[in-house]
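Going by my numbering, the sequence shown opens with residue 37, and the numbers climb by one from there.
Following: one structure in structure tokens, then a few remarks.
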Amino acid sequence: KFIRFQTEFGLPEKITHILISEKSYTIFFEQAVSELQEWAKEKSLSDADSKRGIVLLANYFTSDVLNLLHESGALVYDIRITPENFAELISLLLEKKITTPVAKVVLQEMFQAGSDPSSIIQEKDLGMSNNSSEIESMAGKIIVAFPKPAEDYKKGKHGALQFLVGQMMKEFRGRADPEMVREALVKNLK
Numbered sequence: 037k038f039i040r041f042q043t044e045f046g047l048p049e050k051i052t053h054i055l056i057s058e059k060s061y062t063i064f065f066e067q068a069v070s071e072l073q074e075w076a077k078e079k080s081l082s083d084a085d086s087k088r089g090i091v092l093l094a095n096y097f098t099s100d101v102l103n104l105l106h107e108s109g110a111l112v113y114d115i116r117i118t119p120e121n122f123a124e125l126i127s128l129l130l131e132k133k134i135t136t137p138v139a140k141v142v143l144q145e146m147f148q149a150g151s152d153p154s155s156i157i158q159e160k161d162l163g164m165s166n167n168s169s170e171i172e173s174m175a176g177k178i179i180v181a182f183p184k185p186a187e188d189y190k191k192g193k194h195g196a197l198q199f200l201v202g203q204m205m206k207e208f209r210g211r212a213d214p215e216m217v218r219e220a221l222v223k224n225l226k
């Protein structure tokens, strides 16, 4: 399994060790990978994108899911997150229908309630906001609200842009496409 996970999926050694450290982790991971691969086939993803999804799945499992398990004292067999729903969450990230901060909120809700990610996203209105006019408008407001970082960026301090991006992401509750936010700010700052 160790060799297969590294060669077939391109997983780092440390993550592979964690995934094979307990049989329940391995079983859950392999079931989620199977679901993710089915989704990748349906979407006609390239092998590289499919592998990227598997690495993302492994990262979320070995960090976020295991942290939830340790905090609650639960075992993989006890959790309400199914491999199918976990794979769906990762597919939503890959499709850029949600952002990383939203994925973490959704995962927490999945852990507590056992709901599927799409239902949680719809119920809590957490879907990605790709409305360019809304993002453009907010960029203008953020620049007016934070003139010092805006001026710093114009003077060549590119770190100030990250602050402005963070302020916009806060306004959008993590739901805006970070690349669109960055582009809107740069456009408005010129």
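Don't be surprised by glycine CBs; every beta carbon is placed ideally from N, CA and C.
Only a predicted model underlies this, so the values are computations on that prediction, with no experimental measurement involved.
Bridge partners - Ser-57, DSSP secondary structure assignment: The partner list for Ser-57 (beta bridge, DSSP) is empty, contrary to what the question assumes.
Using the C-alpha atoms, what's the distance from Ser-99 back to Gly-202? Looking at the backbone, the Cα of Gly-202 and that of Ser-99 are separated by about 23 Å.
What did DSSP end up calling Ala-175 once you bin it into helix, strand or coil? helix
Phe-41, buried or exposed, once every other Cβ within 10 Å from all chains shown has been counted against 16: Taking every protein chain shown into account, the CB of Phe-41 has 16 or more other CB atoms within 10 angstroms, so this residue is buried.
What residue range is occupied by the uninterrupted alpha helix (DSSP H) comprising Glu-159? Per DSSP, Glu-159 belongs to the alpha helix (DSSP H) from 153–159.
So, is Ser-86 buried or exposed, given that buried needs 16 or more other C-beta atoms within 10 angstroms? buried
Here's the rule: buried if 16 or more other CB atoms are within 10 angstroms of the residue's CB, otherwise exposed. What is Ser-165? buried
Does the distance from the C-beta atom of Glu-71 to that of Ala-123 stay below 9 Å? yes
Leaving out five residues on either side along the sequence, give the residues of the same chain with a beta carbon under 8 Å from the beta carbon of Phe-182. Phe-199, Leu-200 and Gln-203
Does the segment 105–121 come within contact of the segment 138–156, defined as at least 3 CB pairs closer than 8 Å? Proximity of the segment 105–121 to the segment 138–156 meets the contact definition, three or more beta-carbon pairs being nearer than 8 Å.
If you reduce the DSSP assignment to three classes, tell me which class Ser-165 lands in. strand
On the DSSP bridge assignment, give the partners of Ala-123 in chain order. Here Ala-123 is not bridged, per DSSP, to any residue.
In the DSSP assignment, the alpha helix (DSSP H) including Val-101 goes from what residue to what residue? Val-101 -> no alpha helix (DSSP H), and no H or E assigned at all.
Under the three-state reduction of DSSP, which class applies to Ala-212: helix, strand or coil? Reduced to three states, the DSSP call for Ala-212 is strand.
Going by the CB atoms, is the gap between Gly-163 and Lys-206 shorter than 9 Å? It is not a contact, given that the beta carbons lie outside the stated cut-off.
Within 9 Å, strictly: CB atoms of Leu-102 and Gln-144: Between Leu-102 and Gln-144, the C-beta spacing is not below 9 Å.
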